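*Asks:* There's a structure below that I have some questions on.
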Amino acid sequence: MADHRIYHMAFAKVYPCLVNKVVRKGRTQDEVDQVIGWLTGYTREALQQQLDRGCDVATFFAEAPCLHPNRVLIKGVVCGVRVETIEDPLMQQIRWLDKLVDELAKGKAMEQVLR
Numbered sequence: 011m012a013d014h015r016i017y018h019m020a021f022a023k024v025y026p027c028l029v030n031k032v033v034r035k036g037r038t039q040d041e042v043d044q045v046i047g048w049l050t051g052y053t054r055e056a057l058q059q060q061l062d063r064g065c066d067v068a069t070f071f072a073e074a075p076c077l078h079p080n081r082v083l084i085k086g087v088v089c090g091v092r093v094e095t096i097e098d099p100l101m102q103q104i105r106w107l108d109k110l111v112d113e114l115a116k117g118k119a120m121e122q123v124l125r
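My numbering puts the first residue of the sequence shown at 11, with every later residue one more than the last.
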């Protein structure tokens, strides 16, 4: 597994970027939390605890209660890379989250985003 800079970045720094991406497009922080919860199994309270702790992105995903079994259905391109072909498991999880947030920002219905 490669050691990317984002792995060591505090999730609390990444989270506002995800929220801002969708809020600019008329969606809500609540919807971002729902997407994160669907993918990782974190409740809103557990997500807030992770944010308050300042854990890094690698720890955030490592401690995820239950990655959704349908996450493998997430397909498409993020930053020019097909998410389904990413070999590094942690990077794939990060890109899955990014892809879901992108779809939310593009106006897809929550039912489509959450497969």
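Backbone N, C-alpha and C define an ideal beta-carbon position, used for all residues, glycine too.
Please read all numbers here as calculations on a predicted model, not as lab measurements.
Where does A56 sit, in a helix, a strand or coil, going by DSSP?
*Replies:* helix
*Asks:* How far does the alpha helix (DSSP H) with V45 in it extend, from its first residue to its last?
*Replies:* Where V45 is concerned, the enclosing alpha helix (DSSP H) starts and stops at Q39 to T50.
*Asks:* Suppose you measure from the CA of M19 to the CA of E121; what does that come to, to the nearest Å?
*Replies:* 30 Å
*Asks:* Beta-carbon separation of L57 and D40 under 8 Å?
*Replies:* no
*Asks:* Taking 8 Å as the threshold (C-beta atoms), are Y17 and A68 in contact?
*Replies:* yes
*Asks:* Using only alpha-carbon positions, find the residue among L124, E113 and R125 that is nearest to V33.
*Replies:* That would be E113, whose Cα lies nearest to the Cα of V33.
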